[in-house]
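> Take any residue in the sequence shown, note its place counting from 1, add 4, and you have its number in my numbering.
Every residue gets a Cβ at the ideal spot worked out from N, C-alpha and C, and that includes glycine.
Please read these numbers as outputs of a predicted model, since none were measured by experiment.
Got a structure here, written out as structure tokens. Questions coming.
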Amino acid sequence: MNEIQIVPMGEKHLDALVKIDALCFSDPWSREGLKAELSSSTACFAAAQRAGETVGCAGMHCICGECYIDKVCVHPGARRMGIARALVQYLIDDAMKNHAEFITLEVRQSNDAAIALYAGLGFEPVGVRKNFYAAPKEDALLMTKFFSE
Ligand SMILES: CC(C)(COP(=O)(O)OP(=O)(O)OC[C@H]1O[C@@H](n2cnc3c(N)ncnc32)[C@H](O)[C@@H]1OP(=O)(O)O)[C@@H](O)C(=O)NCCC(=O)NCCS
Numbered sequence: 005m006n007e008i009q010i011v012p013m014g015e016k017h018l019d020a021l022v023k024i025d026a027l028c029f030s031d032p033w034s035r036e037g038l039k040a041e042l043s044s045s046t047a048c049f050a051a052a053q054r055a056g057e058t059v060g061c062a063g064m065h066c067i068c069g070e071c072y073i074d075k076v077c078v079h080p081g082a083r084r085m086g087i088a089r090a091l092v093q094y095l096i097d098d099a100m101k102n103h104a105e106f107i108t109l110e111v112r113q114s115n116d117a118a119i120a121l122y123a124g125l126g127f128e129p130v131g132v133r134k135n136f137y138a139a140p141k142e143d144a145l146l147m148t149k150f151f152s153e
């Protein structure tokens, strides 16, 4: 069964997610770093499962109605199946349920795939952070999705 499931991230997802994170980023999170999100009162982290395998995750923190996406990653072998869209939509739904004012994030300016993903979900470019990223050094595009009451 290849149906994609988006569920709250749990301890059982962590081993796979640490490996996926290392495949996706030059500065991956440790298992301890991911695990800490499970007990954070401001965090909302979701995992994607396909055919019983953990294939990605997305997470954000929300404080005083302002949400910040920390991570979105999908295993290279499971891309272009709508998994990241479903993960980010889960975060959007959670933010809306909690009456957030906006969700914001940074993305590498060269990351066309992620920029297209966020634009398709209603995130708008709102600014640039110079030299935000290292390894390799690059500017970040700031993108925000505003919720109007
Ligand atoms: C960016 C990333 C999360 C997308 O994951 P995904 O599951 O393949 O994305 P989806 O299948 O949900 O795609 C949703 C939309 O995003 C855009 N998109 C995704 N991958 C794309 C690509 N390679 N090229 C262009 N657009 C792309 C498309 O608009 C796509 O919609 P479509 O398939 O109907 O055209 C994935 O490539 C990834 O993990 N990259 C490495 C980590 C990363 O860059 N994370 C984001 C950091 S800010």
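Smallest Cα separation from MET64: which of ASP98, ARG89, HIS79, ILE8?
Closest option to MET64, Cα to Cα, is ASP98.
> Would you give the residue range spanned by the beta strand (DSSP E) that GLU57 belongs to?
Residues 57 to 67.
> Between ALA117 and chain B, is there a C-beta pair that is closer than 8 Å?
The question asks about chain B, but that chain is absent: this structure has only one protein chain.
> Would you say ALA52 and ILE10 are within 8 Å of each other, going by their C-beta atoms?
Cβ distance < 8 Å, so ALA52 and ILE10 count as in contact.
> Can you give me the C-alpha to C-alpha distance between ALA123 and ALA117, rounded to a whole angstrom?
Distance between the alpha carbons of ALA123 and ALA117 is about 10 Å.
> State the CB to CB distance for the pair LEU27 and HIS79, rounded to an integer number of angstroms; the pair is presumed to be in contact (CB under 8 Å).
Yes, LEU27 and HIS79 are in contact; Cβ-Cβ is about 7 Å, under 8 Å.
> Taking DSSP as the reference, what is the three-state secondary structure of LEU125?
It is coil, neither helix nor strand.
> Is it true that the CB of CYS77 sits closer than 8 Å to the CB of CYS61?
Closer than 8 Å, so yes.
> Going by DSSP, name the residue or residues bridged to TYR72.
According to DSSP, which records beta bridges pairwise, TYR72 is partnered with HIS65, THR108.
> Spell out the partners DSSP gives THR148 in its beta bridges.
For THR148, which the question treats as bridged, DSSP gives the partners THR108, GLU128.
> At a cut-off of 7 Å, would you count VAL78 as near ligand 1, judging by its Cβ distance to the nearest heavy atom?
Yes; taking the cut-off as 7 Å, the Cβ of VAL78 has a heavy atom of ligand 1 nearer than that.
> Are the Cβ atoms of LEU120 and ILE8 separated by less than 8 Å?
The amino acid occupying residue 120 in the given sequence is Ala; Leu does not appear at that position. No. Outside cutoff.
> If you run the structure through DSSP and keep just helix, strand and coil, what is ARG192?
Within the shown structure, residues of the chain are numbered from 5 to 153, placing residue 192 beyond reach of any answer.
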